[in-house]
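Visitor: In terms of full-length UniProt numbering, the sequence shown opens at residue 1 and continues consecutively. Think of the CB as a built atom: it goes at the ideal place given N, C-alpha and C, for glycine as much as any other residue.
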Amino acid sequence: MSSNDIIVSLDIGTSKVRAIIGEVVNGAINIIGVGSADSEGIRKGAIVDIDQTVQSIRNAIDHAERMVGIQITEVYVGISGSHISLQTSHGVVAVSNEDREIGDEDIDRVIQAAKVIPLAPEREIIGVVPNQYLVDGLDEIHDPRSMIGVRLEVQATIITGSKTAIHNLLRVVEKAGVKVSGLILMSLAAGHLSLSKDEKSVGTVLVDIGAGQTTIAIFEQNNLVATSTIPVGGEYVTNDISIGLRTQTDIAEKIKLKFGCAVIDDAAADQVFKVNRIGSNVDKEFSQIDLANIVEPRVQEIFHLIGLEVQRLGYKELPGGYVLTGGTVSMPGVLAVAQAELATSVRIAVPDFIGVRDPSYTSGVGIIQYACKYLRISKQAPSSVKKSTSNKNAASTSNNENKPSIMERFKNWLSEFI
Numbered sequence: 001m002s003s004n005d006i007i008v009s010l011d012i013g014t015s016k017v018r019a020i021i022g023e024v025v026n027g028a029i030n031i032i033g034v035g036s037a038d039s040e041g042i043r044k045g046a047i048v049d050i051d052q053t054v055q056s057i058r059n060a061i062d063h064a065e066r067m068v069g070i071q072i073t074e075v076y077v078g079i080s081g082s083h084i085s086l087q088t089s090h091g092v093v094a095v096s097n098e099d100r101e102i103g104d105e106d107i108d109r110v111i112q113a114a115k116v117i118p119l120a121p122e123r124e125i126i127g128v129v130p131n132q133y134l135v136d137g138l139d140e141i142h143d144p145r146s147m148i149g150v151r152l153e154v155q156a157t158i159i160t161g162s163k164t165a166i167h168n169l170l171r172v173v174e175k176a177g178v179k180v181s182g183l184i185l186m187s188l189a190a191g192h193l194s195l196s197k198d199e200k201s202v203g204t205v206l207v208d209i210g211a212g213q214t215t216i217a218i219f220e221q222n223n224l225v226a227t228s229t230i231p232v233g234g235e236y237v238t239n240d241i242s243i244g245l246r247t248q249t250d251i252a253e254k255i256k257l258k259f260g261c262a263v264i265d266d267a268a269a270d271q272v273f274k275v276n277r278i279g280s281n282v283d284k285e286f287s288q289i290d291l292a293n294i295v296e297p298r299v300q301e302i303f304h305l306i307g308l309e310v311q312r313l314g315y316k317e318l319p320g321g322y323v324l325t326g327g328t329v330s331m332p333g334v335l336a337v338a339q340a341e342l343a344t345s346v347r348i349a350v351p352d353f354i355g356v357r358d359p360s361y362t363s364g365v366g367i368i369q370y371a372c373k374y375l376r377i378s379k380q381a382p383s384s385v386k387k388s389t390s391n392k393n394a395a396s397t398s399n400n401e402n403k404p405s406i407m408e409r410f411k412n413w414l415s416e417f418i
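(1) Do you know how far the Cα of residue 295 is from the Cα of residue 240?
(2) Who are the Cβ neighbours of residue 249 in its own chain at under 8 Å, not counting the five residues just before and after it?
(3) Let's test the definition: count the other Cβ atoms within 10 Å of the Cβ of residue 187 and tell me whether it reaches 16, buried, or not, exposed.
(4) Closest to residue 221 by C-alpha separation, out of 375, 35, 86 and 320, would be which residue?
(5) Over the uninterrupted beta strand (DSSP E) stretch that includes residue 181, give me the two end residues.
(6) Can you tell me whether residue 121 is buried or exposed? The criterion is at least 16 other CB atoms within 10 Å of its CB, across all chains shown.
(7) Tell me which same chain residues have a C-beta within less than 7 Å of the C-beta of residue 113, skipping the five on either side of it?
(8) What residues in its chain sit with their C-beta under 6 Å from that of residue 37, if we drop five residues either side in the sequence?
(9) Does the distance from the CB of residue 116 to the CB of residue 106 come in under 7 Å?
(10) Assign residue 6 to one of two classes, buried (16 or more other C-beta atoms within 10 Å of its C-beta) or exposed (fewer than that).
(11) Can you tell me whether residue 369 is buried or exposed? The criterion is at least 16 other CB atoms within 10 Å of its CB, across all chains shown.
(12) Mind checking which residues open and close the alpha helix (DSSP H) that includes residue 265?
(13) Taking 7 Å as the cut-off, decide whether the C-beta atoms of residue 80 and residue 190 are in contact.
(14) Specify, as a first and last residue, the run of the alpha helix (DSSP H) that residue 63 falls within.
(15) Given residue 344, which residues of its chain have a CB within under 6 Å of its CB, disregarding the five upstream and five downstream residues?
(16) Could you tell me the distance, in whole angstroms, from the CA atom of residue 49 to the CA atom of residue 146?
(17) Check whether the Cβ atoms of residue 233 and residue 214 lie closer than 7 Å to each other.
(18) Assess contact between the segment 168-176 and the segment 121-133, defined as three or more Cβ pairs (one per stretch) separated by less than 8 Å. Is contact present?
(19) Locate the beta strand (DSSP E) running through residue 287, then write down its first and last residues.
(20) For the alpha helix (DSSP H) that contains residue 213, what are its first and last residues?
(21) Going by DSSP, which residues form a beta bridge with residue 162?
(22) Rounded to a whole number of angstroms, what is the C-alpha to C-alpha distance between residue 31 and residue 78?
(23) Who pairs with residue 23 in a beta bridge, going by DSSP?
(24) Alpha carbon to alpha carbon, what distance is there between residue 64 and residue 22?
(25) Assuming residue 336 contacts residue 303 (C-beta within less than 8 Å), just tell me the rounded distance between them.
(26) CA-CA distance, residue 270 and residue 255?
(27) Under DSSP, the alpha helix (DSSP H) around residue 112 begins and ends at which residues?
(28) According to DSSP, simplified to helix, strand and coil, what is residue 44?
(29) What is the DSSP secondary structure of residue 349, reduced to helix, strand or coil?
(30) Is the beta carbon of residue 160 sitting closer than 7 Å to the one on residue 184?
(31) Which same chain residues, not among the five before or five after residue 341, have their C-beta less than 7 Å away from its C-beta?
(32) Specify, as a first and last residue, the run of the alpha helix (DSSP H) that residue 335 falls within.
(33) Residues in its own chain within less than 6 Å of residue 108 by CB, not counting five upstream and five downstream?
(34) Using 6 Å as the cut-off, classify the Cβ of residue 257 as near or not near the heavy atoms of the ligand SAH, replying yes or no.
(35) Is DSSP giving residue 306 helix, strand or coil here?
(36) Within the same chain, show all residues whose beta-carbon is closer than 7 Å to that of residue 289, passing over the 5 residues directly before and after it, in chain order.
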């Protein structure tokens, strides 16, 4: 296995931290390792405790390393949150080559030109997404390499975020002992994986419902045109179960994952479970119907808030409807509630890779696909991993390099007598 063909993604969520190892073989991606750990120090997608978050990242990376038997040195990190904003920009440069053939250098220069925008002191550019290139006025060009022209333009979307949030994210990853190859907007990566070309063209809403927050991304004309975050997610359902059944939060989470159902009519009366209640030594028995009476109203509210937020962004009815992803949408009945509440076409996106066929892995796998297609074209990134035995090899190689040659040793031996 060549280390140059390895891309590692890191998805730091409110409930879980996931490290996913992807191997690129002839342009195709295989998921060869997945590491997951309970997330500590994260609240509603934001880092609130550096040390706890660092430990969670280390646990996830160690888990992935043990699965594959390699040492991870670099990762692509997903970023999301309410601090993210999008801004359109336009860059123009003259083609530098004498033969007027557009090369990688010209594309890099026009991207840099698009980055020249007014920014508040507390904000920082995360990335640039080229929407289209123009060569001497000819538009709708997606890759102008090798074309002949005098003037190169780009219409791009600039992704910006809070400096504090960005630097805290970089800090926890680097403190965990790995290098950050790049930051990738998670909604952009998830959209790249989950949505078809037609869905991105006609207009579709991608909704990622995590534990602590819900991220909404709107794609239209093949571009990400709007994004927003609302502070509701699966944790709210867990808290409702905890209060309704009068039990501890961790017990409520386990009950939700095992017996949760978002539609009362689909719940089974014969599915019963016992709950250890707070302030009582006696377990009380509940049915799945009792649980669904708590879950359904909260799930309805979440999708109602999603619909209101999409309207607030200025989009009422998009032909592509809604595509759902994130760990919370795995619960039975969520799709039916979404279809009833949003009154349009809704589907759930699941990564089509062995070992990660779950909506909670969409962002992590999407980061790998996005990095493979867009971030490794112009420049080959350094190795993301090294085999566990490479330390010995590196040590022996460095020792060999430091050893003087036979002639040098002979000269040194002579110098002792002269």
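Guide: Let me spell this out:
(1) If you number the sequence shown from 1, residue 240 lands on position 240. If you number the sequence shown from 1, residue 295 lands on position 295. Spanning the alpha carbons of residue 240 and residue 295 requires a straight line of approximately 7 Å.
(2) Taking the sequence shown and counting its residues from 1, the one referred to as residue 249 is at position 249. Around residue 249: 238, 239 and 242.
(3) Working through the sequence shown from its first residue, we reach residue 187 at position 187. Label assigned to residue 187: buried.
(4) For this step, residue 221 is matched to residue 221 along the sequence shown. Comparing Cα positions, the closest option is 320.
(5) Looking up residue 181 in the sequence shown gives position 181. Per DSSP, residue 181 belongs to the beta strand (DSSP E) from 179-185.
(6) Walking along the sequence shown from the start, residue 121 turns up at place 121. So residue 121 counts as exposed.
(7) Taking the first residue of the sequence shown as 1, we reach residue 113 at position 113. The residues are 91, 92 and 93.
(8) To locate residue 37, count along the sequence shown from 1; it is residue 37. Sequence-distant partners of residue 37 (beyond 5 residues in either direction) whose C-beta falls short of 6 Å from its own C-beta, in its chain, are 17, 56, 59 and 60.
(9) Mapped onto the sequence shown, residue 116 falls at position 116. Mapped onto the sequence shown, residue 106 falls at position 106. No; because the gap between Cβ atoms is not below 7 Å, this pair is not in contact.
(10) Here residue 6 corresponds to residue number 6 of the sequence shown, with the count starting at 1. For residue 6, the number of other beta carbons within 10 angstroms of its own is at least 16, and it is reported as buried.
(11) Position 369 of the sequence shown holds residue 369. Per the 10 Å Cβ criterion, buried.
(12) Walking along the sequence shown from the start, residue 265 turns up at place 265. Bounds of any alpha helix (DSSP H) do not take in residue 265, whose DSSP letter is neither H nor E.
(13) Here residue 80 is taken as the residue at index 80 of the sequence shown, counted from 1. Here residue 190 is taken as the residue at index 190 of the sequence shown, counted from 1. In this structure, residue 80 sits away from residue 190, with a CB-CB distance that is not shorter than 7 Å.
(14) Locating residue 63 in the sequence shown gives position 63, counting from the first residue. Element bounds for residue 63: 50-68.
(15) Numbered from its first residue, the sequence shown carries residue 344 at position 344. When the five nearest sequence neighbours on each side are left out, the beta carbons in the same chain lying within less than 6 Å of the beta carbon of residue 344 are those of 321, in order along the chain.
(16) Here residue 49 is taken as the residue at index 49 of the sequence shown, counted from 1. Here residue 146 is taken as the residue at index 146 of the sequence shown, counted from 1. C-alpha separation (whole angstroms): 49 Å.
(17) Taking the first residue of the sequence shown as 1, we reach residue 233 at position 233. Taking the first residue of the sequence shown as 1, we reach residue 214 at position 214. Cβ distance < 7 Å, so residue 233 and residue 214 count as in contact.
(18) Fewer than three Cβ pairs drawn from the segment 168-176 and the segment 121-133 lie within less than 8 Å of each other, which leaves the two stretches out of contact.
(19) Mapped onto the sequence shown, residue 287 falls at position 287. Element bounds for residue 287: 283-287.
(20) As a first step, residue 213 must be located in the sequence shown, where it is residue number 213. If you look at residue 213, you'll find it isn't in any alpha helix (DSSP H); DSSP assigns it neither H nor E.
(21) Here residue 162 corresponds to residue number 162 of the sequence shown, with the count starting at 1. Partner(s): 123.
(22) Here the question's residue 31 lines up with position 31 in the sequence shown. Here the question's residue 78 lines up with position 78 in the sequence shown. Distance between the alpha carbons of residue 31 and residue 78 is about 17 Å.
(23) In the sequence shown, counting from the first residue as 1, residue 23 sits at position 23. DSSP links residue 23 through a beta bridge to 6 and 30.
(24) As a first step, residue 22 must be located in the sequence shown, where it is residue number 22. As a first step, residue 64 must be located in the sequence shown, where it is residue number 64. As the crow flies, the alpha-carbon of residue 22 is around 11 Å from that of residue 64.
(25) Here residue 336 refers to the residue found at position 336 when the sequence shown is read from its first residue. Here residue 303 refers to the residue found at position 303 when the sequence shown is read from its first residue. Contact between residue 336 and residue 303 is ruled out by a C-beta separation of about 11 Å, above the 8 Å threshold.
(26) Taking the sequence shown and counting its residues from 1, the one referred to as residue 270 is at position 270. Taking the sequence shown and counting its residues from 1, the one referred to as residue 255 is at position 255. CA-to-CA, the gap between residue 270 and residue 255 works out to about 15 Å.
(27) The residue given as residue 112 occupies position 112 in the sequence shown. 104-114 is the extent of the alpha helix (DSSP H) around residue 112.
(28) Numbered from its first residue, the sequence shown carries residue 44 at position 44. Three-state DSSP puts residue 44 in coil, outside helix and strand.
(29) In the sequence shown, residue 349 corresponds to position 349, counting from 1. Under the three-state reduction of DSSP, residue 349 is assigned to coil, being neither helix nor strand.
(30) Working through the sequence shown from its first residue, we reach residue 160 at position 160. Working through the sequence shown from its first residue, we reach residue 184 at position 184. Using a Cβ distance threshold of 7 Å, residue 160 and residue 184 do not count as a contacting pair.
(31) Working through the sequence shown from its first residue, we reach residue 341 at position 341. Excluding positions up to five away in sequence, the list reads 300, 303, 304 and 307.
(32) Position 335 of the sequence shown, counted from the first residue, corresponds to residue 335. Counting along the chain, the unbroken alpha helix (DSSP H) around residue 335 starts and ends at 334-342.
(33) Numbered from its first residue, the sequence shown carries residue 108 at position 108. Hits under 6 Å: none found.
(34) In the structure on display, the ligand SAH does not appear, and there are no ligands present to speak of.
(35) What you label residue 306 is simply residue 306 of the sequence shown in a count that begins at 1. In the structure shown, residue 306 sits in a helix (DSSP, three-state: H, G or I).
(36) Against the sequence shown, residue 289 aligns to sequence position 289. Once the five neighbours on either side are set aside, the close Cβ partners of residue 289 are 264, 267 and 269.
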